[in-house]
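*Asks:*
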Amino acid sequence: MMLCFLLGSIHASAVMAPTSTIEISGPCITGTIVLYEEGVLDGKAYYTGTGTIWNYPNVSFAIHWDMAESKWFLSLSGQPFWYNEDDTNQPNSTLLSGNWTQAILSEGSCDVVIQGSATNLPTPTSIETTTDEMVNIYAHQNTINVSIEEATEASITVFDISGHKVKEMNTSDKKNQINDLPNGIYIIKVKAANKIATEKVILKD
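As numbered in mature numbering (1 follows the signal peptide of the UniProt record, and there is no 0), residues -17 to -1, 1 to 188 make up the sequence shown, in order.
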């Protein structure tokens, strides 16, 4: 079994308006991944960043509070790998040293330690972070725009930051818009012409 120890810590920059960061590192992570406070989601701060884990580059990391679930989630590319039910105002060092629970199951696993708290991390068979020149995905305010260079049958799937599928549609249009989702962070996956493109977007008014 591959062992991977993830160490999480909270830091605040010494500036007039400090921005909190969370650092994650470990043997299966290349370097140190820094998650930056991006704003407020469901009434609490959320943190995002990107890094390389298990040799998968540009993986999106995020920590956020889910009001409906009453849990903090630590997600990779929109998939909730861990959750913590400590109802704190922000994911501080006390939270990170608490008990995290495995959120998904997969073939293979990686023992994980976050600030001394052991849990079990499933090793993903794939983490899709692929982009393709024929697909352009971006958000403008509260609208997700998906442009497909060639008119072809395509599927567009939207996941929230905790990995739940919130919308799925099939299209043959070159330009597509999704504007019926609330503010938040989403992972957009587009399948077209036997290719897959994914992108993280943030919706806000």
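Just so it is clear, CB atoms sit at the ideal spot from N, CA and C, and this is done for glycine as well.
Keep in mind it's a predicted model, so treat the numbers as computed, not measured.
Between the alpha carbons of I97 and D156, how many angstroms are there, rounded?
*Replies:* For I97, the predicted model reports a pLDDT of 40, less than 50, meaning its position is unreliable; a value from the coordinates is still stated below. Our two residues, I97 and D156, have alpha carbons roughly 45 Å apart in a direct line.
*Asks:* Please go through the same chain and pick out, in chain order, the residues whose beta-carbon is closer than 6 Å to the beta-carbon of E132, but skip the five residues on each side of it.
*Replies:* M117
*Asks:* Taking the alpha-carbon positions, what's the S138 to S43 distance?
*Replies:* 22 Å
*Asks:* Rounded C-beta distance between T31 and I168? I'm assuming under 8 Å.
*Replies:* 7 Å between Cβ atoms; contact.
*Asks:* Anyone know if the C-beta pair for W37 and I46 falls short of 8 Å?
*Replies:* For the 8 Å CB-CB criterion, W37 and I46 do not form a contact.
*Asks:* Pull the bridge partners of S53 from the DSSP assignment, please.
*Replies:* In DSSP, S53 forms no bridge with anything.
*Asks:* Give me, in chain order, the residues of the same chain whose beta-carbon lies closer than 6 Å to that of T140; leave out the 5 immediate sequence neighbours on both sides.
*Replies:* E151 and K172
*Asks:* Can you find the residues in the same chain that come closer than 6 Å, C-beta to C-beta, to T135, ignoring five residues on each side of it along the sequence?
*Replies:* A175 and A176
*Asks:* Tell whether a beta-carbon distance below 8 Å holds between E21 and T4.
*Replies:* No; because the gap between Cβ atoms is not below 8 Å, this pair is not in contact.
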